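K.L.:
According to the UniProt record's numbering, the stretch in the sequence shown is residues 1 to 454, in order.
Just so it is clear, CB atoms sit at the ideal spot from N, CA and C, and this is done for glycine as well.
Please read all numbers here as calculations on a predicted model, not as lab measurements.
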Amino acid sequence: MSTQRTDTSNRRLSSHGHGGLNETSPLLPDAPRSHDRPGKLYDEGAFTWKSEFWLMCRSAGPLIITYLLQYSSNVITTIVAGRLGAEDLAAASISLTAMAIPGFALFEGMATALDTLCAQAYGSGHRTGVGLHIQRMLLLIAVAIVPVGALWMCAPWILPLVVRQEFLPVKASAFLRVSVAGLPGYAFFEAGKRFLQAQGDFNTALLVLVLCAPVNALLSWLFAIKLGMGLQGAALGQALANNLRPILLLGLIVFFRKWSHECWGGWSRSCLREWGPMVRLSVAGSIVILAEWMAFEILCVSTSYIGTEYLAAQSVLVTVAIIMWHVPFSISIAVTTRIGNLIGGGAVQLARRAAVMYSIVFVGAGLLVGTLLFVLRNELAFIFSKDSAVREIATGSMFTVSIFHTLDAISCGCNGMMRGLARQSVSAWVVMLVNYLGAVPLALWLELGAPTSS
Numbered sequence: 001m002s003t004q005r006t007d008t009s010n011r012r013l014s015s016h017g018h019g020g021l022n023e024t025s026p027l028l029p030d031a032p033r034s035h036d037r038p039g040k041l042y043d044e045g046a047f048t049w050k051s052e053f054w055l056m057c058r059s060a061g062p063l064i065i066t067y068l069l070q071y072s073s074n075v076i077t078t079i080v081a082g083r084l085g086a087e088d089l090a091a092a093s094i095s096l097t098a099m100a101i102p103g104f105a106l107f108e109g110m111a112t113a114l115d116t117l118c119a120q121a122y123g124s125g126h127r128t129g130v131g132l133h134i135q136r137m138l139l140l141i142a143v144a145i146v147p148v149g150a151l152w153m154c155a156p157w158i159l160p161l162v163v164r165q166e167f168l169p170v171k172a173s174a175f176l177r178v179s180v181a182g183l184p185g186y187a188f189f190e191a192g193k194r195f196l197q198a199q200g201d202f203n204t205a206l207l208v209l210v211l212c213a214p215v216n217a218l219l220s221w222l223f224a225i226k227l228g229m230g231l232q233g234a235a236l237g238q239a240l241a242n243n244l245r246p247i248l249l250l251g252l253i254v255f256f257r258k259w260s261h262e263c264w265g266g267w268s269r270s271c272l273r274e275w276g277p278m279v280r281l282s283v284a285g286s287i288v289i290l291a292e293w294m295a296f297e298i299l300c301v302s303t304s305y306i307g308t309e310y311l312a313a314q315s316v317l318v319t320v321a322i323i324m325w326h327v328p329f330s331i332s333i334a335v336t337t338r339i340g341n342l343i344g345g346g347a348v349q350l351a352r353r354a355a356v357m358y359s360i361v362f363v364g365a366g367l368l369v370g371t372l373l374f375v376l377r378n379e380l381a382f383i384f385s386k387d388s389a390v391r392e393i394a395t396g397s398m399f400t401v402s403i404f405h406t407l408d409a410i411s412c413g414c415n416g417m418m419r420g421l422a423r424q425s426v427s428a429w430v431v432m433l434v435n436y437l438g439a440v441p442l443a444l445w446l447e448l449g450a451p452t453s454s
């Protein structure tokens, strides 16, 4: 019996290694089911659009607030910089760009592998597999932090190569070097919150961020304005708040979420093996997120060639755009978890019917986000800058941003469903080809004009 099980497991792992995944094959080799959940884990006859919609809302609602609060650290930095002056706002824009790529977007993309793996593990009844995947991701993130942190520390030599104004690289580099201290906290929180999300708990991470957001705002104001540290003070406040997140999350799991401990089998040497599926999904997920964010950031850097006011306005637009992008992205995480649970539990037909409903939801979400951006364009510009020229430029461009977000919400929905099927690689190819063979070159041509030989 043991030999037969080993052979079966090896065959499944082999098929994974050769691209044999499909929507009916979970990524967990021969995962044992819980004794209290035998056979098929979902009743496909019980599906209704209403029940599925409300299930999605219960998951997506806390996730939207979670991701908005998580990104609020960047928003707080932008607001503080805007109050310091146009030059500090422009420097903050460059700093946040460098932090996102590589950095925050990389770790968000890596963590999306857990949305697939942990959801399928939990859906199949292989509870301790959830904790095992978390262990592997924590180790993978620890390895990735080293080169990312080193790159940030080298900012004084790198940024002058891409930013024209002499004063911007100096301020931005100082910001980045202080921000390195908060890199581990941000990355480990991204992985840690997936441990509870796979089990259907989307509220604990939200609670952590509700507690940390005012701490971030208070520290940034204290260091940057009250103590006169300027932009470096805002970076220090953000870094300290980032490190507080995983500490609070771990404390809540250990002392107040003991029901989740059934998915933690303790640290195991098994976490050092079978990294293949996680690495492949992490790379593909990172490419998708990086390709999305990098498109924003390339345009941010290119705007520095036009002028400081335009760069400051671009900072406002990018900040608003990424804030609103987190709305459909958060919904897509809930969709990934749900589809992963269904696929892991063998309810393929139910997953297909749910996907139809999700498609309609993302169209509606895109229309809502786009409308809000256009209607609130004046108020949004006023929040982020006191400079009238910056506000005028940002307001005039908001209509284009609103159209973009209407369409991008649909893209987020497709990416979320593909993650649930462990097909991140398809999304990666599509996003890379569309963004960098079409969208970004066209945007640069419209912004700066055709390249010249001089």
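According to DSSP, is Arg-37 helix, strand or coil?
P.N.:
In the sequence shown, the residue the question calls residue 37 occupies position 37. Because the pLDDT of Arg-37 is 42, which lies under 50, any placement of that residue in the model is unreliable, and the number read from its coordinates should be weighed accordingly. Three-state DSSP puts Arg-37 in coil, outside helix and strand.
K.L.:
Please report the residue range of the alpha helix (DSSP H) in which Met-229 lies.
P.N.:
Locating residue 229 in the sequence shown gives position 229, where the first residue counts as 1. First-last for Met-229: undefined, no H or E at that position.
K.L.:
Leaving out five residues on either side along the sequence, give the residues of the same chain with a beta carbon under 7 angstroms from the beta carbon of Tyr-186.
P.N.:
Translated into the one-based positions of the sequence shown, residue 186 becomes position 186. Cβ neighbours of Tyr-186 beyond the five flanking positions: Phe-104, Phe-107 and Asn-242.
K.L.:
According to DSSP, simplified to helix, strand and coil, what is Thr-336?
P.N.:
As a working mapping, residue 336 is identified with position 336 in the sequence shown. Helix at Thr-336.
K.L.:
Does DSSP classify Trp-267 as helix, strand or coil?
P.N.:
For this step, residue 267 is matched to residue 267 along the sequence shown. DSSP places Trp-267 in coil when its eight states are reduced to three.
K.L.:
To the nearest angstrom, report how far apart Leu-151 and Leu-176 are at their CA atoms.
P.N.:
Against the sequence shown, residue 151 aligns to sequence position 151. Against the sequence shown, residue 176 aligns to sequence position 176. Rounded to whole angstroms, Leu-151 to Leu-176 spans 10 angstroms at the Cα level.
K.L.:
Given that a residue counts as buried once 16 or more other Cβ atoms are within 10 Å of its Cβ, and exposed if not, what is Ser-51?
P.N.:
Position 51 of the sequence shown holds residue 51. Exposed.
K.L.:
Would you say Leu-68 and Met-278 are within 8 angstroms of each other, going by their C-beta atoms?
P.N.:
Counted from its first residue, the sequence shown places residue 68 at position 68. Counted from its first residue, the sequence shown places residue 278 at position 278. No, they are not a contact pair.
K.L.:
Following a CB-centred definition, is Val-375 positioned closer than 7 angstroms to any heavy atom of the ligand ATP?
P.N.:
Of ligands this structure carries none, so the ligand ATP is not represented either.
K.L.:
With 16 as the cutoff for other CB atoms within 10 Å, does Val-375 come out buried or exposed?
P.N.:
Residue mapping note: residue 375 aligns to position 375 of the sequence shown, counting from 1. By the 10 Å Cβ count, Val-375 comes out exposed.
K.L.:
If you follow the alpha helix (DSSP H) that Trp-275 is part of, which residue opens it and which one closes it?
P.N.:
Looking up residue 275 in the sequence shown gives position 275. It is not in any alpha helix (DSSP H) - Trp-275 carries neither H nor E in the DSSP assignment.
K.L.:
Apart from the five residues on each side of it in sequence, which residues of its chain come closer than 6 angstroms, Cβ to Cβ, to Leu-219?
P.N.:
Position 219 of the sequence shown holds residue 219. Gly-237 and Leu-240.
K.L.:
Where Arg-37 and Ile-253 are concerned, what is the direct C-alpha to C-alpha distance, given to the nearest angstrom?
P.N.:
On the sequence shown, residue 37 is found 37 positions in, with the first residue counted as 1. On the sequence shown, residue 253 is found 253 positions in, with the first residue counted as 1. Reliability fails at Arg-37, whose pLDDT of 42 lies under 50, so the model's placement of it is uncertain and the value that follows must be treated cautiously. Cα-Cα distance, rounded: 24 angstroms.
K.L.:
For Leu-84 and Ser-179, I'd like the C-alpha separation in whole angstroms.
P.N.:
Taking the sequence shown and counting its residues from 1, one reaches residue 84 at position 84. Taking the sequence shown and counting its residues from 1, one reaches residue 179 at position 179. Cα-Cα distance, rounded: 19 angstroms.
K.L.:
Under DSSP, the alpha helix (DSSP H) around His-405 begins and ends at which residues?
P.N.:
Along the sequence shown, one-based indexing puts residue 405 at 405. It spans 388-420 - the alpha helix (DSSP H) in which His-405 sits, taken as one unbroken run.
K.L.:
Pick helix, strand or coil for Gln-199, following the three-state DSSP scheme.
P.N.:
Here the question's residue 199 lines up with position 199 in the sequence shown. Reduced to three states, the DSSP call for Gln-199 is coil.
K.L.:
To which residues of the same chain is Ile-298 closer than 7 angstroms at the C-beta, ignoring the five residues directly before and after it?
P.N.:
Residue 298 sits at position 298 when you count from the first residue of the sequence shown. Cβ neighbours of Ile-298 beyond the five flanking positions: Val-440.
K.L.:
Indicate whether Val-335 and Gly-396 have their beta-carbon atoms separated by less than 8 angstroms.
P.N.:
Residue mapping note: residue 335 aligns to position 335 of the sequence shown, counting from 1. Residue mapping note: residue 396 aligns to position 396 of the sequence shown, counting from 1. Not closer than 8 angstroms, so no.
K.L.:
Under 8 angstroms, with one C-beta from each stretch per pair, do the stretch 64-82 and the stretch 109-129 reach the 3-pair mark?
P.N.:
No, they do not touch.
K.L.:
Ile-134: buried (16+ other C-beta within 10 angstroms of its C-beta) or exposed?
P.N.:
Taking the first residue of the sequence shown as position 1, residue 134 is located at position 134. Flag for Ile-134 reads buried.
K.L.:
Any idea if Gln-349 is buried or exposed, counting beta-carbon neighbours within 10 angstroms, 16 or more meaning buried?
P.N.:
As a working mapping, residue 349 is identified with position 349 in the sequence shown. Exposed: under 16 other Cβ atoms inside 10 Å.
K.L.:
Using a 10 Å radius around the Cβ and a threshold of 16 neighbouring Cβ atoms, would you call Leu-227 buried or exposed?
P.N.:
Residue 227 sits at position 227 when you count from the first residue of the sequence shown. Exposed, because fewer than 16 other Cβ atoms sit within 10 Å of the Cβ of Leu-227.
K.L.:
Check whether the Cβ atoms of Thr-308 and Gln-165 lie closer than 8 angstroms to each other.
P.N.:
By one-based count along the sequence shown, residue 308 stands at place 308. By one-based count along the sequence shown, residue 165 stands at place 165. In contact: Thr-308 and Gln-165 (Cβ atoms closer than 8 angstroms).
K.L.:
For the alpha helix (DSSP H) holding Cys-154, just list the boundary residues, first then last.
P.N.:
To locate residue 154, count along the sequence shown from 1; it is residue 154. Where Cys-154 is concerned, there is no enclosing alpha helix (DSSP H), given that its DSSP letter is neither H nor E.
K.L.:
Since Tyr-67 is in the alpha helix (DSSP H), which residue starts that stretch and which ends it?
P.N.:
As a position in the sequence shown, residue 67 is number 67, starting the count at 1. Counting along the chain, the alpha helix (DSSP H) containing Tyr-67 begins and ends at 49-84.
K.L.:
For residue 457, is the classification buried or exposed, using 16 other Cβ atoms within 10 angstroms of its Cβ as the cut-off for buried?
P.N.:
Any property of residue 457 remains undetermined from this structure, which presents the chain solely from 1 to 454.
K.L.:
Taking Cβ to Cβ, would you say Ala-354 is nearer than 8 angstroms to Ala-409?
P.N.:
For the purposes of this step, residue 354 is taken as residue 354 along the sequence shown, with counting starting at 1. For the purposes of this step, residue 409 is taken as residue 409 along the sequence shown, with counting starting at 1. Result no, Cβ atoms of Ala-354 and Ala-409 do not sit closer than 8 angstroms.
K.L.:
Does Gly-307 come out as helix, strand or coil in the three-state DSSP assignment?
P.N.:
Taking the first residue of the sequence shown as position 1, residue 307 is located at position 307. In this structure, Gly-307 counts as coil in the three-state DSSP scheme.
K.L.:
Can you give me the C-alpha to C-alpha distance between Ile-225 and Gly-233, rounded to a whole angstrom?
P.N.:
Counted from its first residue, the sequence shown places residue 225 at position 225. Counted from its first residue, the sequence shown places residue 233 at position 233. Their Cα atoms are separated by approximately 8 angstroms.
K.L.:
CB residue 460 to CB Ile-403, shorter than 8 angstroms?
P.N.:
For residue 460 there is no data in the structure shown, the boundaries of the chain being 1 and 454.
K.L.:
Kindly list the residues whose CB is nearer than 7 angstroms to the CB of Met-324, restricted to its own chain and excluding five residues on each side of it in sequence; keep chain order.
P.N.:
The sequence position of residue 324 within the sequence shown is 324, counting from 1. Hits under 7 angstroms: Val-369, Leu-373 and His-405.
K.L.:
Three or more C-beta pairs closer than 8 angstroms, one from the stretch 377-385 and one from the stretch 144-163: is that the case here?
P.N.:
Touching, no, given that fewer than three Cβ pairs across the two stretches are closer than 8 angstroms.
K.L.:
Say whether the stretch 268-288 touches the stretch 206-219, bearing in mind that this needs 3 or more beta-carbon pairs closer than 8 angstroms, one atom from each stretch.
P.N.:
Touching, no, given that fewer than three Cβ pairs across the two stretches are closer than 8 angstroms.
K.L.:
Determine whether the beta carbon atoms of Ile-333 and Gly-416 lie at a separation below 8 angstroms.
P.N.:
One-based indexing of the sequence shown puts residue 333 at position 333. One-based indexing of the sequence shown puts residue 416 at position 416. Cβ atoms of Ile-333 and Gly-416: closer than 8 angstroms.
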